[in-house]
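Those letters in the sequence shown? Residues 5 to 187, by our numbering. This report refers to the structure that appears directly beneath it.
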Amino acid sequence: MLRFEGFSACCSTYIRIDMEPQAYAGEVVSKGTTNIDFNAPMRAALARVRDADGLALSVGRSEFALRSGGAEVVEKKVELPLRWLRSTEGAAGPGRPGGQARSAGGGAVPALRSAQPAQGIHQQDALVGGGKETGFAHHGTKRPPVAHARYRRCRLRVLQGLLPHAQSPPLYADAQGQPARGA
5 MLRFEGFSAC CSTYIRIDME PQAYAGEVVS KGTTNIDFNA PMRAALARVR DADGLALSVG
65 RSEFALRSGG AEVVEKKVEL PLRWLRSTEG AAGPGRPGGQ ARSAGGGAVP ALRSAQPAQG
125 IHQQDALVGG GKETGFAHHG TKRPPVAHAR YRRCRLRVLQ GLLPHAQSPP LYADAQGQPA
185 RGA
């Protein structure tokens, strides 16, 4: 398995992508961890990736390389910053027992696509309904929640490039249906 974990610049938002071996082509030479801080050139290269250009990633002991559309960007390994370590502890909830994954259903994808309020608005909204009736509503709605958005909805913009490929995103919740810690 190849796992990518990342944090927003302020370390308040966490993302994790687990890729099973059938999801990528390549040889696994060894197991380990390479801490990389994606700077502006790498983030820009990731934003430019298109299906037609192809994508090749190389994860090594001392660097991470991205090749796409004839361009290559390399980031070198960094020492694990203390703020990353603290954030990892706080954001690892979905991977721990108690963070149960369940499907949001196909209706969640259009709802997530349309969830782009003005930047900086802090809304404690819930993803409600099911099927084509899925959407965001303020807390206190009579409709049962599918999931809760506990952060600013404007942060969902980072998912816009992935949503065309999403079918039914997993949601993480505790036994009471509340978001799992860090979800």
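Note that CB positions come from ideal geometry on N, CA and C, so glycine has one too.
Can you tell me which of Ala69, Thr37, Lys81 and His169 puts its alpha carbon nearest to the alpha carbon of Leu50? Among Ala69, Thr37, Lys81 and His169, the Cα nearest to that of Leu50 is on Ala69.
So which of Pro45, Ile40 and Arg71 has the shortest CA-CA distance to Arg65? Ile40
When DSSP labels each residue in this structure, what does Ser62 get in the three-state scheme? strand
Report yes or no: do the stretch 76-91 and the stretch 42-57 share at least 3 C-beta pairs separated by less than 8 Å? Yes: the two stretches touch, three or more of their Cβ pairs being nearer than 8 Å.
Nearest residue (CA-CA) to Ala56, options Gly74, Phe42, Ser62 and Pro25: Gly74
Would you call the CB atoms of Phe31 and Met5 closer than 7 Å? According to the sequence displayed, residue 31 carries Glu and not Phe. Cβ distance not < 7 Å, so Glu31 and Met5 don't count as in contact.
To the nearest angstrom, how far is it from the Cα of Gly58 to the Cα of Ala27? 14 Å
On the criterion of 16 or more Cβ atoms from any shown chain inside 10 Å, does Ser91 qualify as buried, or is it exposed? buried
Closest to Pro168 by CA distance: which of Arg54, Ser72, Leu86 and Ser62 is it? Arg54
Which whole-angstrom value describes the C-beta separation of Cys15 and Trp88, a residue pair presumed to lie in contact below a C-beta threshold of 8 Å? 7 Å
Does the beta carbon of Val78 sit closer than 7 Å to a beta carbon anywhere in chain B? The displayed structure is made up of one protein chain only, and chain B is not part of it.
If I measure Cβ to Cβ from Glu67 and keep anything under 7 Å in the same chain, skipping five residues before and after, which residues do I get? Val78, Glu79, Lys80 and Lys81
For Ser91, which three-state DSSP category applies? helix
Does DSSP put Arg20 in a helix, a strand or coil? strand
By how many angstroms is the C-alpha of Phe8 removed from the C-alpha of Asp22? 7 Å
Boundaries of the alpha helix (DSSP H) in which Lys70 is found, first to last residue: The question names Lys, but residue 70 in the sequence shown is Leu. Segment Glu67 to Ser72 is the beta strand (DSSP E) holding Leu70; no alpha helix (DSSP H) there.
CB of Val63 within 7 Å of CB of Thr38, strictly: yes
Go through its chain and collect everything with a Cβ distance to Ile19's Cβ below 6 Å, but skip five positions before and after it. Gly10
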